Amino acid sequence: MSRLTIWLILGTTLTFLIGPFLIVIFAGASAGEALSFPPQGLSLKWYAKVFTVESFRASFALSMFLAIFGTLTALLIGIPAAYALNRYNLPGAEAIRTIVAAPIIVPGIIVGLALLRYFVVPLDVTITMALFVTHTALVLPYAVRVVSSSLNNLRADMEEAAVILGCTRFQAFVKVVLPNIRGGILAAFILGFVTSFNEVPASLFLSGPGVRTLPIDMLSYMEITFDPSVAALSALLAFMSVAIVFVAERLLGFSRYV
Amino acid sequence: MSNAYVSLTGLTLSYGQTVAVPELNLDIRKGELIALLGPSGCGKTTTMRAIAGLLAPTSGKIMIDGADVTRTPANKRGIGLVFQSYALFPHLSAFENVAFGLRLQKQPDAQVRAKTEAGMATVGLTGFETRKPSEMSGGQQQRLALARSLVMEPKVLLLDEPLSNLDARLRLEMRNELQRVQKDTGITMIFVTHDQSEALALADRVVLMKDGKIEQLGTPAELYAEPSTAFAANFMGFENIFRLEGADLVSDHGRLPFGCEAAVPLLAWRPGGVAVGKGPHVGRVIASSFAGDHREYVIDSPLGQIKADASIDLPEVLLGQQVAFDLPQATARHLAA
Numbered sequence: 003m004s005r006l007t008i009w010l011i012l013g014t015t016l017t018f019l020i021g022p023f024l025i026v027i028f029a030g031a032s033a034g035e036a037l038s039f040p041p042q043g044l045s046l047k048w049y050a051k052v053f054t055v056e057s058f059r060a061s062f063a064l065s066m067f068l069a070i071f072g073t074l075t076a077l078l079i080g081i082p083a084a085y086a087l088n089r090y091n092l093p094g095a096e097a098i099r100t101i102v103a104a105p106i107i108v109p110g111i112i113v114g115l116a117l118l119r120y121f122v123v124p125l126d127v128t129i130t131m132a133l134f135v136t137h138t139a140l141v142l143p144y145a146v147r148v149v150s151s152s153l154n155n156l157r158a159d160m161e162e163a164a165v166i167l168g169c170t171r172f173q174a175f176v177k178v179v180l181p182n183i184r185g186g187i188l189a190a191f192i193l194g195f196v197t198s199f200n201e202v203p204a205s206l207f208l209s210g211p212g213v214r215t216l217p218i219d220m221l222s223y224m225e226i227t228f229d230p231s232v233a234a235l236s237a238l239l240a241f242m243s244v245a246i247v248f249v250a251e252r253l254l255g256f257s258r259y260v
Numbered sequence: 003m004s005n006a007y008v009s010l011t012g013l014t015l016s017y018g019q020t021v022a023v024p025e026l027n028l029d030i031r032k033g034e035l036i037a038l039l040g041p042s043g044c045g046k047t048t049t050m051r052a053i054a055g056l057l058a059p060t061s062g063k064i065m066i067d068g069a070d071v072t073r074t075p076a077n078k079r080g081i082g083l084v085f086q087s088y089a090l091f092p093h094l095s096a097f098e099n100v101a102f103g104l105r106l107q108k109q110p111d112a113q114v115r116a117k118t119e120a121g122m123a124t125v126g127l128t129g130f131e132t133r134k135p136s137e138m139s140g141g142q143q144q145r146l147a148l149a150r151s152l153v154m155e156p157k158v159l160l161l162d163e164p165l166s167n168l169d170a171r172l173r174l175e176m177r178n179e180l181q182r183v184q185k186d187t188g189i190t191m192i193f194v195t196h197d198q199s200e201a202l203a204l205a206d207r208v209v210l211m212k213d214g215k216i217e218q219l220g221t222p223a224e225l226y227a228e229p230s231t232a233f234a235a236n237f238m239g240f241e242n243i244f245r246l247e248g249a250d251l252v253s254d255h256g257r258l259p260f261g262c263e264a265a266v267p268l269l270a271w272r273p274g275g276v277a278v279g280k281g282p283h284v285g286r287v288i289a290s291s292f293a294g295d296h297r298e299y300v301i302d303s304p305l306g307q308i309k310a311d312a313s314i315d316l317p318e319v320l321l322g323q324q325v326a327f328d329l330p331q332a333t334a335r336h337l338a339a
């Protein structure tokens, strides 16, 4: 392949990956009244407006709550589950693994419909609770998978060594296993956070009057108001994601591992 | 036995339905260096794990220093174990690896520091305190694992294949190191190995195991010179083992006259015990290799293949040539089974 073709392919791929992101950033920085690209003049007024929209503030808070506590709950269940699946020869372990992975495989829209019909309505669960349970369940597969793969790289005799040196099984887990799968837990948290934050189909079914996650709120906002503030908000969210990954890598990734 | 420090009585160990070690009895004196020797699957590692408390016995009793520890959990047995893979903690520095057990006991900081430094000095790792295990060589990791066990002042130190992951030069070094540590500390050591030369070189007594049972127990000299079974003899380098029927040697391939009868069913010769170049029998050389002070031949005979070492002073027999040989009565080891 010639040098030119290689650059062409690389350029196209990068445009495809980064292009939408750039379009959103600039569309949000428009001075005009309607969402368009290229922007009609440049201004930061839509970026500023985002923070004044009451429903965005409420739904952002809800989305953050779901992403953080849903993921933490999923890890709280997922880490012991991954450990048990990995270390003990459980009957039906393979079946459990498949069931745990199901929320990734089954389309979110089906999960949402099913939960609404057979969980929320019959049990009369509050919307927030329903969303919380759903997000936890949707994030759980990532928690189990990612933590499992870092457990796979950890030899079981290390725990036995800790036990011989005086640890209880639980102490061995805390003092030897946890520190060595920290990277996996962090990765699972970030993956879970982003998955939960961006989740649309299931949340679409479960959101109710006044209680919406941010993506759902953005959808309904756009149905009524077609101004660039949604683009501005999208750009802000993208920056937030990049910042989270960057900070996590800096604080928890490098300094502790090196 | 009254003077036994470690005593296994009727110890039966199983994995599920499979019995790995049935009814094992073994007494070990204080300060002894014992080798559990045998091929893989003979139950030596299983036995070691049971002594450490990592495997609960199906039945039987484990006594250490006069106390019944059969039901004592592994973290309260006061036993050290150096794993074959070393099992060092990768997230901790060398110093913290060694200090790990002492810190668990909530010993005062100054004491932890002193003991850890002394422990690292014992194995020659002073100056490596801040290294991570991944930044250390295989030999250094092994010594770190040894130090981590030794600072706990265990009643018994168990070592799983302590030399198997090291190259030839380090192996010799580590062997000397282990002997020195044992002499200095007087600690009772039990190590597991599949390598007879390691067991013979290092141990005070060797426990040769087969199928979960003790095949033979004795000093290295006893085992080397007087193996009592075909299995033991084979493990100790008696590579030519034949049945004796009347006055004939018999194998699955054929028979040769031996010339006299004996009260035992089996006779065995080391390659060095076979006479080459003279004798009543004739065979064909099918393999030959130079080994410095001797040549190692494989002779195709009516009994099948015979391994024979010949002095380098004798003229070389080329591949395919006929050669006279003898299985002398003088070098034959009589085996009961």
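Protein chains in written order, with our numbering: chain A, 3 to 260; chain B, 3 to 339. Even for Gly, the Cβ is constructed at its ideal location relative to N, Cα and C. This structure is a prediction, so every number in the text was calculated from the model and none was measured.
Can you find a C-beta in chain B that's less than 8 Å from the C-beta of residue i?
i      : result
S257/A : Confidence at S257/A is low in this model, with a pLDDT of 39, below 50, so its placement is unreliable and the value that follows should be read with caution. It does not; no Cβ of chain B falls within 8 Å.
T170/A : yes
N200/A : no
N182/A : yes
A163/A : yes
V178/A : yes
I187/A : no
I166/A : yes
R89/A  : no
D229/A : no
R157/A : yes
M160/A : yes
From the beta carbon of residue i, is the nearest beta carbon of chain A less than 8 Å away?
i      : result
M138/B : no
N77/B  : yes
I81/B  : yes
L106/B : yes
M50/B  : no
G193/B : The question names Gly, but residue 193/B is Phe in the sequence shown. No, F193/B does not count as interfacial toward chain A.
E122/B : One detail in the question is off: residue 122/B reads as Met in this sequence, not Glu. No - not a single Cβ of chain A is within 8 Å of the one on M122/B.
L127/B : no
F102/B : yes
F91/B  : yes
L26/B  : no
M3/B   : Any reading at M3/B needs caution, since the residue's pLDDT is 48, under 50, leaving its predicted position unreliable; the model's value is listed next. Not an interface residue.
A205/B : no
G42/B  : In the sequence on display, residue 42/B carries Ser and not Gly. S42/B does not count as touching chain A.
F85/B  : yes
L56/B  : yes
How many angstroms separate the CA atom of residue i from the CA atom of residue j?
i      : j      : result
V114/B : I129/A : 55 Å
S243/A : A189/A : 13 Å
Q42/A  : S231/A : 14 Å
G261/B : R297/B : 27 Å
R150/B : K78/B  : 16 Å
I81/A  : V146/A : 6 Å
R286/B : P229/B : 29 Å
R258/A : F85/B  : Because the pLDDT at R258/A is just 41, under 50, the model does not fix this residue reliably, and the point stays unresolved.
L13/B  : D70/B  : 13 Å
F240/B : L210/B : 15 Å
L92/A  : A86/A  : 8 Å
L329/B : E224/B : 22 Å
F199/A : V213/A : 15 Å
C44/B  : F195/A : 51 Å
Going by alpha carbons, who is nearest to residue i out of the options?
i      : options                          : result
I192/A : N154/A, L77/A and S222/A         : L77/A
A104/A : S61/A, A163/A, Y144/A and V148/A : Y144/A
N182/A : E161/A, V165/A and I166/A        : E161/A
Q331/B : Q323/B, A339/B and P282/B        : P282/B
D186/B : V125/B, F233/B and L146/B        : V125/B
L44/A  : V55/A, K51/A and G30/A           : G30/A
N99/B  : I81/B, G80/B, M191/B and G121/B  : G121/B
L174/B : L160/B, K108/B, E34/B and S199/B : S199/B
Throw me the rounded Cβ distance for the residue i and residue j pair, which I believe falls under 8 Å.
i      : j      : result
S95/B  : K134/B : 6 Å
V55/A  : A234/A : The Cβ separation is near 11 Å, so there is no contact.
L133/A : L221/A : Rounded, the Cβ-Cβ distance is 15 Å, inconsistent with contact.
Y7/B   : D67/B  : 6 Å
Which residue spans inside the region 177-225 of chain B form an unbroken beta strand (DSSP E) run of at least 3? 190-195, 207-212 and 215-220
Just list the alpha helix (DSSP H) runs in the region 4-57 of chain A, keeping only unbroken ones of 4 residues or longer that don't cross its boundaries, in chain order. 5-30 and 47-52
At 4 residues or longer, and completely inside the region 268-325 of chain B: list those alpha helix (DSSP H) runs for me, N to C. none
Scan the region 100-170 of chain B and note each continuous beta strand (DSSP E) run of 3 residues or more that stays entirely inside, going in chain order. 158-162
Alpha helix (DSSP H) segments (min. 4 residues) lying fully within the region 121-164 of chain A: 129-154
Runs of alpha helix (DSSP H) lying entirely within the region 157-202 of chain A, each at least 4 residues, in chain order: 159-166, 171-174 and 184-200
Uninterrupted beta strand (DSSP E) stretches inside the region 23-66 of chain B (no shorter than 3 residues): 35-39 and 61-66
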